[in-house]
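With the UniProt record's numbering, letter number 25 in the sequence shown gets 25, and the count goes up by one each step, no holes.
Before any comments, here is the structure.
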Amino acid sequence: MRFVTPRKAARGLGAAGPGSATAHHWSMTVSSVALMLLTPAFIFVIATAIGLPHGGVVAYFSRPYPAIVTALFLIVGMLHYVNGTRIMIDDYLDHTERKVALIVAQLLGWAVIAAAVYALARMAFSPMVAPVTTIVVH
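Here it is, written out as structure tokens:
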């Protein structure tokens, strides 16, 4: 007969076990600190781009610093969103609604990441585009 103590049976199954809230808490903390550092840089990048014509914006975001800061801010921000909405959904929804809401939140977060990275890559790797001008006929 094999004797298993309650401590041995519970080892690894506690609050700090794999897939627990502790790992999620650390993930949220790290992404919060990253966003705290990235937000001023992102605001600076966007403030610099405001008022530029179309060709100027494309040229500005084809430079490495604005493209990397914007990509990092959007990726970290959306991953933080996905993790945060998971907590709210787990707390307030049950059964089928919970599963659907988790899928929708994940899809929305990853769709925004994909669209943002695609747009930045397209601006960064596109040939220089002449600004759009309007022709006024008098």
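Where a beta carbon is used, it is the ideal one built from N, C-alpha and C, also for glycine.
Per-residue burial, VAL100 [other beta carbons within 10 Å of its own, 16 or more giving buried]: Against the sequence shown, residue 100 aligns to sequence position 100. VAL100 comes out exposed.
LEU74 beta carbon less than 8 Å from that of ARG86: Taking the first residue of the sequence shown as 1, we reach residue 86 at position 86. Taking the first residue of the sequence shown as 1, we reach residue 74 at position 74. Cβ atoms of ARG86 and LEU74: not closer than 8 Å.
Residue span of the alpha helix (DSSP H) that contains VAL82, given as start and end: Taking the sequence shown and counting its residues from 1, one reaches residue 82 at position 82. That run of the alpha helix (DSSP H) goes 64 to 92.
For VAL76, the nearest candidate out of MET28, PHE125 and PHE61 (CA to CA): In the sequence shown, residue 76 corresponds to position 76, counting from 1. For VAL76, the nearest C-alpha among the options comes from MET28.
Contacts around LEU120, its chain only, beta-carbon distance under 7 Å, and the 5 residues preceding and following it disregarded: The residue given as residue 120 occupies position 120 in the sequence shown. Around LEU120: PHE61, ALA67, THR70 and ALA71.
Own chain residues within Cβ distance below 6 Å of MET123, not counting five before or after: For the purposes of this step, residue 123 is identified with residue 123 of the sequence shown, where counting begins at 1. Taken in chain order, the residues that qualify are VAL58, PHE61 and SER62.
Close-in-space but distant-in-sequence residues of the same chain around VAL45 (CB under 8 Å, 5 per side omitted): Residue mapping note: residue 45 aligns to position 45 of the sequence shown, counting from 1. Only TYR65, PRO66, VAL69 and THR70 meet the Cβ criterion.
Proximity to VAL82 [Cα-Cα], best of ILE89, GLY109 and ASP94: Along the sequence shown, one-based indexing puts residue 82 at 82. The option with the nearest alpha carbon to VAL82 is GLY109.
Reference LEU126; option with closest CA among ILE50, THR22, GLY55 and ALA49: Position 126 of the sequence shown, counted from the start, is the residue given in the question as residue 126. Just to set this straight, residue 126 is Ser in the shown sequence, not Leu. Ranking ILE50, THR22, GLY55 and ALA49 by Cα distance to SER126 puts GLY55 first.
When HIS95, HIS80 and PRO6 are compared against SER32, the one with the closest alpha-carbon: Within the sequence shown, numbered from 1, the residue matching residue 32 stands at position 32. Checking every option, the nearest Cα to that of SER32 belongs to HIS80.
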